[in-house]
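So the sequences go chain by chain: A and B. Each residue of the first sequence is one higher than the one before, starting from 439 at the first, in this note's numbering. Each residue of the second sequence is one higher than the one before, starting from 143 at the first, in this note's numbering. One structure is given below, encoded as structure tokens.
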Amino acid sequence: MSEKKRETPLLDELEKGPWPSFVRELKKSADTPVIQDLLGQLERSYEEHLGHWKHGGIVGVMGYGGGVIGRYSDLPEEFPHIAHFHTMRVNQPAGWFYTSDALRKICDIWEAHGSGITNMHGSTGDIILLGTTTDQLEPVFSKLTEIGFDLGGSGSDMRTPSACCGPARCEWACYDTLAAVYDFTQSYQDELHRPAFPYKYKLKFAGCPNDCVASVARADMSFIGTWKDDIQMDAEQVRQYAASGTVDIQKDVCERCPTRCMSWDGTNLTIDNSECVKCMHCINVMPKALRPGKERGCTVLIGAKAPIVGGALLSSVFVPFIEMEPPYSDLKELLEAIWDLWSEHGKNRERVGEFIQRVGLGNFLEQIGLEPVPEMIAHPRTNPYIFFGEELHEKQA
Amino acid sequence: MADPVSVEEVAAAMFDLVKSTYGKKNLKAMDLTKAMIEQFGEDRCDKQLCKQAIRQLIDSGKCTYSYVGGSYITLPPEAGS
Ligand code: SF4
Ligand code: SF4
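Take a look at the structure:
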């Protein structure tokens with residue numbers, strides 16, 4: 439294309455240095471008018487400290503209420519090639535495994551019908567295809583379905599569930615995250631494609647407390663793999679770590695254990711497993727010597743969100759331990775009870791964590807039929823809303 | 143139990159509501175559901191039936207989803223103008 443190249447002195451700064459630069463990548467295809475306008479508008483935003491995108495409206499594919507985010511430039515005369523620059527979210531495969539052939543096919547579709555720019559992946563987990571016009575949405579959708587892909591969620595729906603690579607590549611996985619994410623995605627296609635909630639609802643599946651999908655900060659409901667018996671220990675390997683000098687077991691392991699439940703006498707490592715909070719620290723430091731226990735399942739947490747409307751929330755423990763076996767009936771029953779209550783009584787754009795704060799954890803639990811347990815609250819003795827029976831105090835005494 | 147109302151009847155009543163409030167009020171799926179349960183009575187209409195009716199409205203193209211800070215059900219652009 440023979441469009442005049444736009445001057446972008448501020449963006450050019452982001453090409454400096456050895457690290458990857460999105461500006462450099464965009465400029466590689468900057469001979470298209472779309473990319474020229476995109477760079478031009480971004481430069482303008484940097485100059486003015488002001489965003490120039492609007493989003494929303496009525497754009498989508500037939501039958502779906504999610505998967506397309508209408509995006510428009512608020513300077514269409516100046517940047518006509520990005521006047522409409524809609525985003526499409528594509529449901530990623532479980533654990534983000536692709537063949538190179540699948541990736542090539544997605545890119546070919548996007549080069550033919552969109553800007554050719556992708557974001558792999560969005561913070562929810564989807565493949566993000568950035569920038570197309572309304573008339574190209576149906577052709578992209580139909581070609582994606584031909585190669586076995588579907589759109590993901592957006593708006594007030596169940597967002598595309600995501601999972602860490604789990605047992606496919608990671609020795610710490612305490613349950614099959616890939617099977618679980620696939621099952622939940624298939625079971626809730628209606629909730630994914632037809633928005634019926636007060637706001638978004640994110641599900642994330644992490645195989646262990648390392649939480650590589652950042653569910654504890656992002657997901658309305660997290661399924662984090664854990665174990666309930668003792669950490670498996672190979673005492674000989676522990677001694678080898680000590681002998682090799684790569685790990686100072688006292689300083690790097692015992693003193694960094696958040697509950698100080700480990701002790702090291704120079705020869706033997708002892709763990710008081712009843713005090714272990716499964717933080718994974720010791721296992722991460724000495725992977726050859728320590729492993730999660732054998733009785734594995736997951737902890738369900740609820741209520742995280744990033745700061746969009748209102749501030750950020752981290753999630754809280756909801757079900758301390760549950761086995762993670764298909765068909766996950768108990769978990770689905772719980773999830774549906776939460777959706778039912780929140781859909782009926784949640785305010786517009788109120789995430790489930792905010793809803794729980796507003797109605798109170800005690801009322802929330804009563805309505806969905808779940809018994810309170812001490813793990814649900816950070817400081818049981820200072821929480822005035824849940825009263826534990828006498829027998830619990832007696833048992834602990 | 144009273145005779146349940148059909149999916150088509152609920153869809154038609156929902157469509158009337160969306161049409162009559164067009165441009166004045168944004169309706170979410172749950173707003174439509176609550177209105178229908180109130181209109182037809184709890185013994186004749188439930189959330190599941192409303193879900194099917196919404197799907198029928200959307201799949202037939204009589205209504206569409208919009209996003210204005212949240213997801214709503216509205217008339218398609220050509221029908222609403
Ligand atoms: S969350 Fe745990 S199981 Fe999943 S990839 Fe990370 S370390 Fe492995
Ligand atoms: S997993 Fe964490 S809490 Fe448990 S023993 Fe290891 S460091 Fe301590």
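We put the CB at the ideal spot given by N, CA and C, even for glycine.
Using 9 Å as the limit for Cβ to Cβ distance, is residue i near chain B?
{"i": "A:GLY455", "result": "no"}
{"i": "A:MET439", "result": "With a pLDDT of 42 at A:MET439, under the threshold of 50, the modelled position of this residue cannot be trusted; read the value that follows with caution. No - not a single Cβ of chain B is within 9 Å of the one on A:MET439."}
{"i": "A:GLU576", "result": "no"}
{"i": "A:GLU713", "result": "no"}
{"i": "A:HIS487", "result": "no"}
{"i": "A:MET500", "result": "yes"}
{"i": "A:GLY508", "result": "yes"}
{"i": "A:SER592", "result": "yes"}
{"i": "A:GLY533", "result": "no"}
{"i": "A:ASP710", "result": "no"}
{"i": "A:MET596", "result": "no"}
{"i": "A:ASP546", "result": "no"}
{"i": "A:HIS519", "result": "no"}
{"i": "A:ILE806", "result": "no"}
Less than 8 Å between the CB of residue i and some heavy atom of ligand 2, yes or no?
{"i": "A:LYS716", "result": "yes"}
{"i": "A:ARG729", "result": "no"}
{"i": "A:CYS699", "result": "yes"}
{"i": "A:PRO725", "result": "no"}
{"i": "A:PRO471", "result": "no"}
{"i": "A:PRO696", "result": "yes"}
{"i": "A:CYS783", "result": "The question names Cys, but residue 783 of chain A in the sequence shown is His. No - ligand 2 has no heavy atom lying nearer than 8 Å to the Cβ of A:HIS783."}
{"i": "A:CYS863", "result": "The structure shown has nothing for residue 863 of chain A, since chain A only spans 439 to 835."}
{"i": "A:VAL755", "result": "no"}
{"i": "A:ILE687", "result": "no"}
{"i": "A:VAL691", "result": "yes"}
{"i": "A:ILE662", "result": "no"}
{"i": "A:ILE794", "result": "no"}
{"i": "A:ILE740", "result": "no"}
{"i": "A:ILE709", "result": "yes"}
{"i": "B:ILE200", "result": "no"}
{"i": "A:ILE520", "result": "no"}
{"i": "A:ILE669", "result": "yes"}
Does residue i have its Cβ less than 9 Å from a Cβ in chain A?
{"i": "B:LYS176", "result": "yes"}
{"i": "B:ASP188", "result": "no"}
{"i": "B:LYS193", "result": "yes"}
{"i": "B:GLY211", "result": "yes"}
{"i": "B:TYR207", "result": "yes"}
{"i": "B:GLY183", "result": "no"}
{"i": "B:ASP201", "result": "yes"}
{"i": "B:PRO146", "result": "no"}
Drop a sphere of 10 angstroms on the beta-carbon of residue i, count the other beta-carbons inside from all chains shown, and report buried for 16 or more, exposed for fewer.
{"i": "A:LEU630", "result": "buried"}
{"i": "A:GLU792", "result": "buried"}
{"i": "A:LEU707", "result": "buried"}
{"i": "A:HIS487", "result": "exposed"}
{"i": "A:TRP457", "result": "exposed"}
{"i": "A:VAL402", "result": "Residue 402 of chain A lies beyond the residue range present for chain A, which begins at 439 and ends at 835; the question has no answer from this structure."}
{"i": "A:ILE776", "result": "buried"}
{"i": "B:VAL152", "result": "buried"}
{"i": "B:ALA144", "result": "exposed"}
{"i": "A:LYS642", "result": "buried"}
{"i": "B:SER148", "result": "exposed"}
{"i": "A:THR705", "result": "exposed"}
* Asked: Listed by chain order, which residues have C-beta atoms less than 5 Å from any heavy atom of ligand 1?
  -> Chain-ordered list of matching residues: A:CYS602, A:CYS608, A:TRP610, A:ALA611, A:ALA644, A:GLY645, A:CYS646, A:ASN648 and A:CYS650.
* To do: Return the residues of the segment 630-641 of chain A that lie within a Cβ-Cβ distance of less than 9 Å from chain B, sorted by chain order.
  => Residues ARG632, PRO633, ALA634, PHE635, PRO636 and TYR637.
* Asked: What residues from the segment 644-674 of chain A come within 9 Å of chain B, judged by C-beta to C-beta, listed N to C?
  -> The segment 644-674 of chain A vs chain B, Cβ under 9 Å: nothing.
* Of all the residues that make up the segment 161-173 of chain B, which are near chain A by a beta-carbon distance shorter than 8 Å? -> Residues of the segment 161-173 of chain B with a Cβ closer than 8 Å to any Cβ of chain A, in chain order: LYS170, ALA171 and MET172.
* Asked: Listed in chain order, which residues of the segment 551-571 of chain A have Cβ atoms closer than 9 Å to some Cβ of chain B?
  -> From the segment 551-571 of chain A, no residue has a Cβ closer than 9 Å to chain B.
* If contact means a Cβ-Cβ distance below 7 Å, which residues of the segment 763-794 of chain A contact chain B? -> Of all residues in the segment 763-794 of chain A, those with a C-beta nearer than 7 Å to a C-beta of chain B are SER781, GLU782, ASN786 and ARG787, reading in chain order.
* Given a limit of 8 Å on CB to CB distance, which residues of the segment 734-766 of chain A reach chain B? -> Within the segment 734-766 of chain A, no residue has a Cβ that lies closer than 8 Å to any Cβ of chain B.
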